[in-house]
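In full-length UniProt numbering, the protein residues as written are 1 to 132. From the three backbone atoms N, C-alpha and C, an ideal C-beta is built for every residue, glycine too. Written out below as structure tokens is the structure these notes cover.
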Amino acid sequence: MTSLATVGQVIAGAGTIGLALVHQWVGGPEIAEPIAAAPLAPEVCAVAAVVWQAVTALLLLDGVAILSGLWWPSRAVLALATAQNAAFAALFLVRDLTVFGDILTLPQWIGFAIVIAAAVPALRRPMPRASD
Numbered sequence: 001m002t003s004l005a006t007v008g009q010v011i012a013g014a015g016t017i018g019l020a021l022v023h024q025w026v027g028g029p030e031i032a033e034p035i036a037a038a039p040l041a042p043e044v045c046a047v048a049a050v051v052w053q054a055v056t057a058l059l060l061l062d063g064v065a066i067l068s069g070l071w072w073p074s075r076a077v078l079a080l081a082t083a084q085n086a087a088f089a090a091l092f093l094v095r096d097l098t099v100f101g102d103i104l105t106l107p108q109w110i111g112f113a114i115v116i117a118a119a120v121p122a123l124r125r126p127m128p129r130a131s132d
């Protein structure tokens, strides 16, 4: 029988990859393309594009790292990827509250919160020590 921790880890990893795909293909046209078309210095647009792609890459790598723990368990890797998701959630939530005064103008934090919640059972599961 599959454990809750394993199911949670699969959801967290696949969810993080899903967030990367949404970031790229939904957020790209909505956010990245208008920035690229804005009357800004070319260097500003180039840096914004690099940062956008870096976030996509980071999310993809985090998802793969979380899923790789199904074969090569590592609490440190799982905790780091989950912490990065928590940082993204916090950034969106704080920006939402401070700029818009609510929590649903930038609902991206909800996706990250779901991924974090899914990862918790896996983080609590006993894992082999590095020397094992």
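Looking at C-alpha atoms only, which residue of the options is the closest neighbour of residue i?
i	options	result
Thr-56	Val-10, Leu-40, Val-22, Gly-15	Val-22
Ile-31	Val-10, Val-120, Gln-53	Gln-53
residue 138	Val-26, Ala-48, Trp-25	Summary: the structure shown does not reach residue 138, with the chain confined to residues 1 through 132, and so no result is reported for it.
Gly-15	Leu-123, Ala-86, Arg-125, Val-115	Val-115
Gly-28	Val-50, Glu-43, Thr-2, Val-44	Val-50
Leu-80	Pro-107, Ala-41, Ala-65	Ala-65
Val-10	Leu-97, Leu-104, Trp-71	Trp-71
Ala-113	Leu-106, Asp-102, Asn-85	Asn-85
Thr-82	Glu-43, Ala-122, Val-99, Gly-101	Ala-122
Val-120	Leu-78, Gly-111, Val-94	Leu-78
Under a three-way DSSP split, which group does residue i fall into?
i	result
Asp-102	coil
Arg-125	coil
Pro-107	coil
Thr-6	helix
Leu-70	coil
Starting from the C-beta of residue i, find all residues in its chain whose C-beta is less than 7 Å away, skip the five residues before and the five after it, and write them out in chain order.
i	result
Leu-60	Ile-17, Ala-20
Kindly list the residues whose CB is nearer than 8 Å to the CB of residue i, restricted to its own chain and excluding five residues on each side of it in sequence; keep chain order.
i	result
Ala-90	Trp-109
Ala-38	Cys-45
Arg-124	Ala-5
Excluding the 5 residues flanking residue i on each side, which residues of the same chain have their C-beta closer than 6 Å to its C-beta?
i	result
Met-127	Pro-73, Arg-75
Leu-67	Gly-13
Cys-45	Ala-36
Gly-111	Leu-19
So residue i packs on residue j, CB below 8 Å; how close in whole Å?
i	j	result
Gly-13	Gly-63	5 Å
Phe-92	Leu-106	5 Å
At what residue ranges does the stretch 18-64 contain a whole run of the alpha helix (DSSP H), taking only runs of 4 or more? 33-37
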